[in-house]
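K.L.:
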Amino acid sequence: MIKPRKAAIVGIGHVGSHVASALVTQGLVSELVLIDTDRAKAEAHGADLADTICWMPHSARVWAGDYSDCADAELMIISASGPIFKEDRLEELVGSLDTMDEIAPHILECGFQGLIMVITNPVDVVASYLRRKLGFGPDRVFGSGTTLDSGRLRRNIAQALGVSPMSVEAWVLGEHGDSQMIPWSRVTVGGQPLELVPGGKELDRQEIWEKTMKAGWNIVLGKGSTEFGIGAAAAQIVRAIFFDEKRILPVSVLLDGVCGQQGIHASVPVCLGAGGPERICMPIMAQEEEQAFIHSCERLREFEPALINR
């Protein structure tokens, strides 16, 4: 029997450890397995997180385990990656695919039957590769995609307008990377279209796009890694699934006819519930926005031969 709200995280580095912390502190998991090639590090993170439980409003069991502990988990989060970190996330591809080659057999051998969320960059391509490697259906493997980018976008718009990010509804779509795009025609602030909000027409959209797109790399240059933002973003995705919220978030899923695109993973608004990605909720976009989305998808498609020929 699948236990309620049991998750596993593979790769307990900066990203994986902060995802784990967010899941525990927000009370989103009842059981959390930490898996890493450095067993001592995983055990230390598990003990450190266990020390927080008595101060939390929710109880959870957290421990360093192995893939055999995942057979009855509902969700597996993949944050393991290769040793490199590049400004263009697609340059991280080879090391990340090597890591997926190491992980995939363990997932198959343990009999895992749940959902897999990939965070490892380049997340769109890695999610596509891992799904094929495992032979899982498109509803079982998805990427965290541009959920984090969308949070950055909301922050940048809010700062420019002098409002709370929680009052901004805006998405980044396409690649979690340099070709990502913003459907500006769908942005609302306090429920109002951006053009009707004071200062909305005057926003420097190119500047905001660049700040959003480069935000991750700028953080890496300053502190060596990103961790807090992705931890919080991943927790929102997990919350939507474990609590069957039917919440729409921009995650990276296999496209099947969206804007004419097929066979690749890219971020689109997806309704998330107990079944994971349950349906795509693609908005109607302006013609130039749709072309920008197609361009982003074609950028990702360039890497398909590398996946097929491995």
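The sequence shown begins at 953 in the working numbering and counts up one residue at a time.
Beta carbons: idealized from backbone N, C-alpha and C, even for Gly.
Note down the Cα distance separating TYR1019 from VAL962, rounded to an integer number of angstroms.
P.N.:
Roughly 9 Å separates the two Cα atoms.
K.L.:
Looking at C-beta atoms only, is the number of pairs between the stretch 1001–1017 and the stretch 1045–1055 that lie closer than 8 Å three or more?
P.N.:
In short, these stretches do not touch, since the Cβ pair count stays below three.
K.L.:
Under the assumption that ASP1196 contacts ALA1238 (Cβ atoms under 8 Å), give the Cβ distance between them as a whole number of angstroms.
P.N.:
Going by Cβ atoms, the distance from ASP1196 to ALA1238 rounds to 33 Å, so no, they are not a contact pair.
K.L.:
Tell me the DSSP secondary structure of GLU1250 in three-state form.
P.N.:
The answer is helix: DSSP assigns GLU1250 an H, G or I state.
K.L.:
Excluding the 5 residues flanking ASN1261 on each side, which residues of the same chain have their C-beta closer than 7 Å to its C-beta?
P.N.:
Contacts found: none.
K.L.:
Can you tell me which of THR1164, HIS1217, CYS1223 and ARG1231 puts its alpha carbon nearest to the alpha carbon of ARG1084?
P.N.:
That would be HIS1217, whose Cα lies nearest to the Cα of ARG1084.
K.L.:
Quick test of your reading: SER1219 and HIS1128, contact by CB under 8 Å. State the CB separation rounded to the nearest angstrom.
P.N.:
Confirmed, Cβ separation roughly 6 Å.
K.L.:
Let's see if you can read the secondary structure: which residues bound the beta strand (DSSP E) around MET1069?
P.N.:
Start and end: 1067–1070.
K.L.:
Give the list of continuous beta strand (DSSP E) stretches no shorter than 3 residues that lie fully inside the stretch 1189–1261.
P.N.:
If we require 3 residues or more, the beta strand (DSSP E) runs fully inside the stretch 1189–1261 come out as 1199–1210, 1213–1225 and 1228–1232.
K.L.:
How would you call ARG1251, buried or exposed, if buried means at least 16 neighbouring beta carbons within 10 angstroms?
P.N.:
That one is buried.
K.L.:
Return helix, strand or coil for THR1099, following the three-state DSSP convention.
P.N.:
DSSP places THR1099 in helix when its eight states are reduced to three.
K.L.:
How should LYS958 be labelled, buried or exposed, when 16 other C-beta atoms within 10 angstroms of its C-beta is the threshold for buried?
P.N.:
Label assigned to LYS958: buried.
K.L.:
Using 8 Å for Cβ pairs, my map puts PHE1094 next to MET1133. What's the rounded Cβ distance?
P.N.:
The Cβ separation is near 19 Å, so there is no contact.
K.L.:
Expressed to the nearest angstrom, what Euclidean distance is found between the alpha-carbon atoms of MET953 and ASP1024?
P.N.:
Since pLDDT at MET953 reaches only 46, below the 50 mark, its modelled position is unreliable, and the value read off the structure follows with that caveat. In a straight line, the C-alpha of MET953 is about 7 Å away from that of ASP1024.
K.L.:
For ILE1109, is the classification buried or exposed, using 16 other Cβ atoms within 10 angstroms of its Cβ as the cut-off for buried?
P.N.:
Per the 10 Å Cβ criterion, buried.
K.L.:
Under a three-way DSSP split, which group does LEU1049 fall into?
P.N.:
Here LEU1049 sits in helix by DSSP.
K.L.:
Do SER1096 and ALA1185 come within 8 Å of each other at the CB atom, strictly closer than that value?
P.N.:
Taking 8 Å as the Cβ cut-off, ALA1185 and SER1096 qualify as a contacting pair.
K.L.:
Please state whether DSSP places HIS970 in a helix, a strand or coil.
P.N.:
Residue state, collapsed to three classes: helix.
K.L.:
Please work out which residues of its chain come closer than 7 Å, Cβ to Cβ, to SER1177, disregarding the five sequence neighbours upstream and downstream, and give them in chain order.
P.N.:
Cβ neighbours of SER1177 beyond the five flanking positions: HIS966.
K.L.:
Please list, in chain order, all residues of the same chain as ARG1231 whose beta carbon is under 8 Å from its beta carbon, the five residues on each side excluded.
P.N.:
Around ARG1231: VAL1222 and CYS1223.
K.L.:
So, are the CB atoms of ASP1021 and ALA972 less than 8 Å apart?
P.N.:
Their beta carbons are not under 8 Å apart, which means ASP1021 does not touch ALA972 by this criterion.
K.L.:
Our contact map puts PHE1245 next to GLY1143 with C-beta atoms below 8 Å; I'd like the distance itself, whole angstroms only.
P.N.:
Going by Cβ atoms, the distance from PHE1245 to GLY1143 rounds to 24 Å, so no, they are not a contact pair.
K.L.:
Of the choices SER1131, TYR1081, TRP1123 and ILE1029, whose alpha-carbon is the least far from that of MET1052?
P.N.:
Comparing Cα-Cα distances from MET1052 to each of SER1131, TYR1081, TRP1123 and ILE1029, the minimum goes to TYR1081.
K.L.:
Would you list the residues sitting across from GLN1144 in a DSSP beta bridge?
P.N.:
VAL1141.
K.L.:
State the CB to CB distance for the pair ILE964 and LYS993, rounded to an integer number of angstroms; the pair is presumed to be in contact (CB under 8 Å).
P.N.:
The Cβ separation is near 6 Å, so the contact holds.
K.L.:
So, PRO1135 versus PRO1229, is the Cβ gap smaller than 8 Å?
P.N.:
Result no, Cβ atoms of PRO1135 and PRO1229 do not sit closer than 8 Å.
K.L.:
Give every residue of the same chain whose Cβ lies closer than 8 Å to the Cβ of SER1119, excluding the five residues on either side of it in the sequence, and list them in chain order.
P.N.:
ALA1110, VAL1141 and GLY1142, listed in sequence order.
K.L.:
Out of ARG1253, LEU1259 and GLY1212, which has the shortest C-alpha to C-alpha gap to GLU1242?
P.N.:
Per the Cα distances, GLY1212.
K.L.:
Between GLY1209 and ALA999, what straight-line distance do the alpha-carbon atoms span, to the nearest angstrom?
P.N.:
Using only the alpha carbons, I get a separation of about 46 Å.
K.L.:
Taking GLU1179 and HIS997 to be in contact with their CB atoms under 8 Å, please state how far apart those CB atoms are, rounded to whole angstroms.
P.N.:
The pair is not a contact, with the Cβ atoms about 13 Å apart (cut-off 8 Å).
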